[in-house]
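Protein chains: 2
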Amino acid sequence: MNQNITIKDIARKFKCSPSTVSRALNNNALINIETRKTIQEYAQKMGYEKNTISLSLLQKSTKTIGVIIPSISHSHETLMINGIQSVINKMGYMLNFGITNEKHQLEKEHLKRFMANRVDAIFVSVAFETSKLGDFSHFKDIQKRNVPLIFIDRNVHLEESISFTVNDFKGAYLATKHLIDLGRKKIAHIKGPEGLNVSEMRLMGYLKCLKDHNIEINPNFIKQADFDIESALLPTSQLFESENKPDAIFCSNDYVCLGAMKVLQEKNLRIPEDVAIIGFDNCPISEFFYPPLSSIERKSFLLGEQAASFLTDQLSDMDNRVKDYRTVFNPELIIRKSTVS
Amino acid sequence: MNQNITIKDIARKFKCSPSTVSRALNNNALINIETRKTIQEYAQKMGYEKNTISLSLLQKSTKTIGVIIPSISHSHETLMINGIQSVINKMGYMLNFGITNEKHQLEKEHLKRFMANRVDAIFVSVAFETSKLGDFSHFKDIQKRNVPLIFIDRNVHLEESISFTVNDFKGAYLATKHLIDLGRKKIAHIKGPEGLNVSEMRLMGYLKCLKDHNIEINPNFIKQADFDIESALLPTSQLFESENKPDAIFCSNDYVCLGAMKVLQEKNLRIPEDVAIIGFDNCPISEFFYPPLSSIERKSFLLGEQAASFLTDQLSDMDNRVKDYRTVFNPELIIRKSTVS
DNA sequence: TTGAAAGCGCTAACAT
DNA sequence: ATGTTAGCGCTTTCAA
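Listed below in C-alpha cells is the structure:
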C-alpha cells in the first residue's frame, strides 16, 4: 500500500550495497565520513524511516510493552500509566494498552494478542472477574514463556510474582482511625467489588481498626458497591433506613463517596457534622468536591514510575532476572472538610 | 531471549517442510485433513503463537492503529477511545497510544514513532501547542505517505482532511441561549486555551448568541483558563472583583466549572440563584457535582465509534480512499440544577 | 498433497 | 572502507 523507501532503494541510488547504507544510517565509523553524510542527507530528504518491524524480527525485541488495565477512567489508573510512560519512553520503549473492562475473557485475549505481538514485557492490573474466578493460568503461561510480567496496583496470589501495589489494609486502617479519632463510633464501610483483593484488604483494615479501638462491628454498616458513583447510591440509602444510622462512612474509593454524598445531601444530612465521609484514591478532583473530600493518597504516579524503572533494569539484564519481588507503597491520609469542618 | 516455538520447530518434529506446517496451521484445504489435525493439536499443546511481527513484515500491515491524544484524563477522551476500541478490536486491529500532554514536540515524536512502527492508520486529536504554532507539516507528511489520518475531536485547517468533530459553536450557542432563556443578562464566559480551535468556536458561539439576543458584550466578562480545575480559580475570582458582577457563567468545560463553583461557594454565592453555571462535555461525574451541573453533551463514544467505522471501511478498500470528509456531531443541552433550581 | 525457494527490511559476521 | 551472505518467522508462488 504505502510506498516506504528502504535501504535497498537508497543503495540502488548510490550504487552501493544495502549494508553500506545500513551502516551509514547507523553512523558506523567504518564507513567513509563523506559517504555517511551523503547517504544520511539523502535519506533525510527522502523521508526515510527505518522499518522497526524488520528490526523487531531480527533482534527479537519489539521495544514495546503491554499494559493490561481494567479501565482508563480512574485517575489512579491514568496516573499510573503516566508514571510508566515517563520512564519507558525515555528508554525507547512504547506502550500498548489492553483495556479489560474488568472482564476475564478480554484479559486473556489481550494477553494472547500481546504474546502474538511479542511485546517485551507486560504490566497487569488484574480484572475484577479474574480475581473472582481465581483462574490465573493465563498469567502462569506468560511466566512460563519467560516474558517479564509485573502486577501493578492489583495482583493475584502466585508462587512467584513481581508486584507493585499499595498497602490497602494500611490505607483503610488510616481512614478508619481518622474517623475514630474524630469521635465517630458508628462507622460504616462501603466496600469494593466482591472477591477483589483490594476490596478485601480495605475491608480488613477497616475491621481491624474498629477491633483495635474496641468498637463493635455492626454487619449492617457494611455495604458493597462497585468503584463507580451509581452503584453507591442504593447501599448508601440502605445505611440510613434503619433506626441505627452511621455517623461516618469510609468508602472504597472517591467515586463511591461522590455517590454517597449525593444521597446524604438529598437526605439533608450535613457533611461532616451529621456524617463524616472519607474515600480512597485522592483523585485530583476530590479536593473540589463539596465539601472537599478527605481521602487516602496512594501515589499512583510514583508506583507507575518505580514499576517501570524496575522493569527497565530487568530488561537490560535478562539473564539475571528477579522472579519474585514485591513492593508495597504506603498510602497517606489526606484530611479535608468532609471529615473535619 | 524468550524461546518461542516456530513453524520450523514443528516442521522438524513432523519431518515435514515449514510450508506444510504453515498451511496446516492456516487450515489450508490442500493439506491432508489428518496432517492438519495432528499439527494443529501439537501446536496448540506446545503453546505455539504465530509471530505477528513476521506477518507484518510480509504483508506490510501491522493491524495496528495509532492514536495521538493530548491526555487520557478527560472523560470525553476515554469515551472516544472506548468508542474506537469497540469497533476496531472486532476487526482484529489494535490501538497504540501516544499521549502528547498538549506538546507539539511530543506529537511529532509519537507520529514519527508510529510511522517507524508502520501503523496502518492514525487518529489524532491535535495538541494545543500545535494549534497555537500553526505548524501542521507533520500531518502533511503522513498524508503524503498515504497513511490514513483521521482527526478526532480537535482538527486543524488543511486543504484535505478527514475529521470527526463536535459542533462546538452550536454547543456554546445552546449553552448561552439556555442562560439567556433563564433571564440572565450578565453572562460571563471562561474560554479555553488560546489558539485552540475548540476554544475559539465556543467563544464564537457564545458571542453570536449574545448578539442574536441583543445583549451587549462585556469584554470583562470573558476570561480564559486551561481545561482544568486549578486554572479556573483565578479567572473566576477576577469576574467578581469589579462592581458589575455576572449572574451566569458558561465555562469551556466541566472541570473549569468545578473550579469556578469552588470560588463561588467560597464567596457564598448561591448556585444557581446568584450565579447560574453551565459547562461543556457532560462528564459522567457532572451529574454528581453539588449542585448537579448543566452541561453540553458531545457524544464522544459515538464519535469514536463512527470515526473508527469510517476508518475500517477505508482500510478494507485502500484503492478508493476518500481524502476529504468531515463529520460534525451535534451536541445536546443537558439541564441540571446548576442553572435551574 | 507436499516441498523448495524467494522475499518482506534490516543487521552482522565474515569476507575482501 | 565496502560487499556478500545468511537469517529473523512467515507465506506463497512454482514445481513435483
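Protein chains in written order, with our numbering: chain A, 2 to 342; chain B, 2 to 342.
Think of the CB as a built atom: it goes at the ideal place given N, C-alpha and C, for glycine as much as any other residue.
The model shown is predicted, which means the values in this text are computed figures rather than measured ones.
Q | B/P220 classed as buried or exposed, judged by whether at least 16 other C-beta atoms fall within 10 angstroms | A | Looking up residue 220 of chain B in the second sequence gives position 219. With fewer than 16 other Cβ atoms within 10 Å, it is exposed.
Q: Measure from the alpha carbon of B/E78 to the alpha carbon of each residue in B/E306, B/N321, B/V329, then state which is nearest.
A: If you number the second sequence from 1, residue 78 of chain B lands on position 77. Residue B/E306 is the option with its Cα nearest to B/E78.
Q | Coarse secondary structure for A/R327, derived from DSSP in three states | A | Here residue 327 of chain A is taken as the residue at index 326 of the first sequence, counted from 1. Of the three classes helix, strand and coil, the one that applies to A/R327 here is strand, per DSSP.
Q: List the residues of chain A that B/M116 touches, going by C-beta distances under 8 angstroms, in chain order.
A: Within the second sequence, residue 116 of chain B is the residue found at index 115, counting from 1. Ordered by position in chain A, the residues that pass the 8 angstroms Cβ test against B/M116 are E50.
Q. How about the stretch 194 to 202 of chain A and the stretch 309 to 325 of chain A: do they share at least three Cβ pairs that are nearer than 8 angstroms?
A. no
Q. Quick one, are the C-beta atoms of B/T340 and B/L180 less than 8 angstroms apart?
A. Indexing the second sequence from 1 puts residue 340 of chain B at position 339. Indexing the second sequence from 1 puts residue 180 of chain B at position 179. Yes. Within cutoff.
Q: Show which residues of chain B have a CB atom less than 9 angstroms away from the CB atom of A/T177.
A: For the purposes of this step, residue 177 of chain A is taken as the residue at position 176 of the first sequence. Chain B residues near A/T177: none, gap ~24 angstroms exceeds 9 angstroms.
Q) Do you know offhand how far B/N245's Cα is from B/L270's? A) Locating residue 245 of chain B in the second sequence gives position 244, counting from the first residue. Locating residue 270 of chain B in the second sequence gives position 269, counting from the first residue. Between B/N245 and B/L270, the alpha-carbon positions lie close to 15 angstroms from each other.
Q.
For B/E42, tell me which candidate among B/S62, B/N28, B/T53 has the shortest Cα-Cα distance.
A. Here residue 42 of chain B refers to the residue found at position 41 when the second sequence is read from its first residue. Considering only alpha carbons, the answer is B/N28.
(Q) Suppose you measure from the CA of A/K46 to the CA of B/K145; what does that come to, to the nearest Å? (A) Sequence index remark: in the first sequence, residue 46 of chain A carries index 45 (1-based). Sequence index remark: in the second sequence, residue 145 of chain B carries index 144 (1-based). The alpha-carbon atoms of A/K46 and B/K145 are separated by roughly 14 angstroms.
**Q.** A/N198 CB to nearest heavy atom of the ligand HEM below 7 angstroms
**A.** Absent from the structure shown: the ligand HEM. Ligands present: none.
Q | Beta-ladder partner(s) of A/V1, from DSSP | A | The shown model of chain A, from 2 to 342, leaves out residue 1 of chain A, and the question about it has no answer.
Q) From the beta carbon of B/L180, is the nearest beta carbon of chain A less than 8 angstroms away? A) As a working mapping, residue 180 of chain B is identified with position 179 in the second sequence. No, B/L180 does not count as interfacial toward chain A.
(Q) Can you find the residues in the same chain that come closer than 6 angstroms, C-beta to C-beta, to B/H214, ignoring five residues on each side of it along the sequence? (A) Along the second sequence, read from residue 1 onward, the residue named residue 214 of chain B stands at position 213. Non-local C-beta neighbours of B/H214 in its own chain, meaning closer than 6 angstroms and more than five positions away in sequence, comprise I181, ordered along the chain.
Q) Can you give the beta carbon distance from A/S1 to A/S287, rounded, assuming they're within the 8 angstroms contact cut? A) Nothing about residue 1 of chain A can be reported from this structure: the residues present for chain A run from 2 to 342 only.
Q: Drop a sphere of 10 angstroms on the beta-carbon of B/H111, count the other beta-carbons inside from all chains shown, and report buried for 16 or more, exposed for fewer.
A: Within the second sequence, the letter at position 110 stands for residue 111 of chain B. By the neighbour-count rule (16 or more Cβ atoms within 10 Å), B/H111 is buried.
Q: Report yes if the CB atom of A/L240 is closer than 8 angstroms to the CB atom of A/F222, and no otherwise.
A: Sequence index remark: in the first sequence, residue 240 of chain A carries index 239 (1-based). Sequence index remark: in the first sequence, residue 222 of chain A carries index 221 (1-based). Yes, they are a contact pair.
Q) Relative to chain B, which residues along the stretch 284 to 296 of chain A have a C-beta separation below 7 angstroms, given in chain order? A) I286, F289, Y291
(Q) So, for A/Y256: in the same chain, excluding its five sequence neighbours on each side, which residues have a beta-carbon less than 7 angstroms away from its beta-carbon? (A) Counted from its first residue, the first sequence places residue 256 of chain A at position 255. Correct list, in chain order: F228, D229, I230.
Q) Which of the three DSSP states, helix, strand or coil, is assigned to A/M2? A) Taking the first sequence and counting its residues from 1, one reaches residue 2 of chain A at position 1. In this prediction, A/M2 scores a pLDDT of 39, lower than 50, which makes its location untrustworthy; the coordinate-derived value is nonetheless stated afterwards. It is coil, neither helix nor strand.
Q. Three-state secondary structure (DSSP) at B/C258?
A. Reading the second sequence from its first residue, position 257 is the one you call residue 258 of chain B. Looking at B/C258 - three-state DSSP - the assignment turns out to be helix.
(Q) For B/M2 and A/L312, what's the separation of their Cα atoms in angstroms? (A) In the second sequence, the residue the question calls residue 2 of chain B occupies position 1. In the first sequence, the residue the question calls residue 312 of chain A occupies position 311. In this prediction, B/M2 has a pLDDT of 39, which is less than 50 and means its spatial position is unreliable; nothing more can be read from the coordinates.
Q. From the beta carbon of B/N321, is the nearest beta carbon of chain A less than 8 angstroms away?
A. Along the second sequence, one-based indexing puts residue 321 of chain B at 320. Output row for B/N321: interface = no.
Q. Looking at A/N118 and A/T63, is the spacing between their C-beta atoms short of 8 angstroms?
A. Here residue 63 of chain A refers to the residue found at position 62 when the first sequence is read from its first residue. Here residue 118 of chain A refers to the residue found at position 117 when the first sequence is read from its first residue. Yes, they are a contact pair.
Q: Label B/V82 either buried or exposed according to how many other C-beta atoms from any shown protein chain fall within 10 Å of its C-beta, with 16 as the threshold for buried.
A: Working through the second sequence from its first residue, we reach residue 82 of chain B at position 81. For the record, residue 82 of chain B in the displayed sequence is Ile; it is not Val. B/I82 is buried by the Cβ-count criterion.
Q: Find the residues of chain B that neighbour A/Q144, judging by a C-beta separation of less than 8 angstroms, and give them in chain order.
A: Walking along the first sequence from the start, residue 144 of chain A turns up at place 143. Ordered by position in chain B, no residue passes the 8 angstroms Cβ test against A/Q144, which lies about 11 angstroms from the chain.
Q. If you draw a straight line from the C-alpha of A/I6 to the C-alpha of A/T36, how long is it?
A. For the purposes of this step, residue 6 of chain A is identified with residue 5 of the first sequence, where counting begins at 1. For the purposes of this step, residue 36 of chain A is identified with residue 35 of the first sequence, where counting begins at 1. So the alpha carbons of these two residues sit roughly 19 angstroms apart.
Q. Is A/K46 close to chain B, meaning its C-beta is less than 8 angstroms from at least one C-beta of that chain?
A. Position 45 of the first sequence, counted from the first residue, corresponds to residue 46 of chain A. It does not; no Cβ of chain B falls within 8 angstroms.
Q.
With a threshold of 8 angstroms between beta carbons, is B/K263 in contact with chain A?
A. The residue given as residue 263 of chain B occupies position 262 in the second sequence. Yes, because at least one Cβ of chain A sits closer than 8 angstroms to the Cβ of B/K263.
Q: Drop a sphere of 10 angstroms on the beta-carbon of A/I34, count the other beta-carbons inside from all chains shown, and report buried for 16 or more, exposed for fewer.
A: Within the first sequence, numbered from 1, the residue matching residue 34 of chain A stands at position 33. Result: exposed.
Q. What does DSSP give as the partner residues of A/I181 in its beta bridges?
A. One-based indexing of the first sequence puts residue 181 of chain A at position 180. None; A/I181 has no bridge partner.
Q) Going by DSSP, which residues form a beta bridge with A/V167? A) Here the question's residue 167 of chain A lines up with position 166 in the first sequence. According to DSSP, which records beta bridges pairwise, A/V167 is partnered with A/F330.
Q | Alpha-carbon to alpha-carbon, B/A189 and B/Y174 | A | Indexing the second sequence from 1 puts residue 174 of chain B at position 173. Indexing the second sequence from 1 puts residue 189 of chain B at position 188. Just so you know, the alpha carbons of B/Y174 and B/A189 end up roughly 13 angstroms apart.
Q.
For a cutoff of 8 angstroms on Cβ pairs, would you count B/M2 as touching chain A?
A. Counting from 1 along the second sequence, the entry for residue 2 of chain B is found at position 1. Because the pLDDT at B/M2 is just 39, under 50, the model does not fix this residue reliably, and the value given afterwards should be weighed accordingly. B/M2 counts as touching chain A.
Q: Out of A/H105, A/F115, A/P273, state which residue places its alpha-carbon closest to the alpha-carbon of A/F129.
A: Reading the first sequence from its first residue, position 128 is the one you call residue 129 of chain A. The candidate whose alpha carbon is nearest that of A/F129 is A/H105.
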